[in-house]
Amino acid sequence: TADRPQVPIFEYLGVKPGSQGVVLAPYGPEWREQRRFSVSTLRNFGLGKKSLEDWVTKEARHLCDAFTAQAGQPINPNTMLNNAVCNVIASLIFARRFEYEDPYLIRMQKVLEDSLTEISGLIPEVKGNAESSFNDENLRMVVLDLFTAGMVTTSTTLSWALLLMILHPDVQRRVQQEIDAVIGQVRHPEMADQARMPYTNAVIHEVQRFGDIAPLNLPRITSRDIEVQDFLIPKGSILIPNMSSVLKDETVWEKPLRFHPEHFLDAQGHFVKPEAFMPFSA
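For what it's worth, the working numbering labels the leading residue of the sequence shown as 698, then goes sequentially.
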């Protein structure tokens, strides 16, 4: 029922038959084939496994070292955040990381920022045929999907986190206390620590809710007539989900327009995630 409409800007971004990737592709056999390929390939490279966590924690250490090297001088952290997130995605796609000064890493980010259509020059060519969705153009679009969907959202969220910690030193102090109590100052954090850090977990989720970095989702189009809660949505209707309507809903959140980590804590201090928490999509 939920399909992708033809939007003029999609063609400008290089989306066309045989070059649709996954995110902007219409629902159908090619979308299913490319999605299945992407998920299975990423799993083979470690998505959802310990190896991915190792890449993330390793890159986090490199990021912390880069911050420390600034010796307390005023900086714009966005470049370093982009480098770190880009490296995690590159580890999945290219099976390697890059030094932050590496010209290849810098060029990848410049391509993403300046001209999305040029990313085809960054990956090896592969053979394809007219009957298959596996071709140079589609591979380019899939890689572009992974980088843009993963890098921009993550680095922007991290930028919001840094800003909100600066603006709310009381929250920062409480997070640091929980980190010291659970992890200490000797070892590095692990994903397994998350279950024992409800306040830190709540802060991370509140950063996503309050930051609301993707207020409007990508458009959808109904492929057939459908009825939702007694409302008829005719075939061909274009829908643009408004994520802010749930992330700032006064009937769900106690202080929807304020940064308030307690939105994700119950009376006992345990982490809870309301159904209205949809930072990127449903």
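The beta carbon of each residue, even a glycine, is placed where N, CA and C say it ideally should be.
In the three-state reduction of the DSSP assignment, residue 915 falls in the coil class, being assigned neither a helical nor a strand state.
Across the set 861, 898, 862 and 867, the C-alpha of 898 shows the shortest separation from the C-alpha of residue 879.
Counting C-beta pairs closer than 8 Å gives three or more between the region 941-959 and the region 909-926, which meets the contact rule. A distance below 6 Å between beta-carbons, with the five flanking residues on each side excluded, links residue 847 to the following residues of its chain, in chain order: 786.
Using a 10 angstroms sphere on the CB of residue 907, the tally of other CB atoms reaches 16 or more, which defines it as buried. When the five nearest sequence neighbours on each side are left out, the beta carbons in the same chain lying within less than 8 Å of the beta carbon of residue 946 are those of 953 and 973, in order along the chain. Three or more Cβ pairs closer than 8 Å define a contact, and the region 848-862 falls short of that threshold against the region 724-733. Using a Cβ-Cβ distance cut-off of 8 Å, the region 884-904 and the region 754-764 are in contact, since at least three pairs of beta carbons, one from each stretch, lie closer than that value. Residue range 850-864 is occupied by the alpha helix (DSSP H) that includes residue 859, with no beta strand (DSSP E) assigned at that position. Comparing alpha-carbon positions, the option among 766, 870, 770 and 750 lying closest to residue 797 turns out to be 766. Using a Cβ distance threshold of 8 Å, residue 933 and residue 918 count as a contacting pair.
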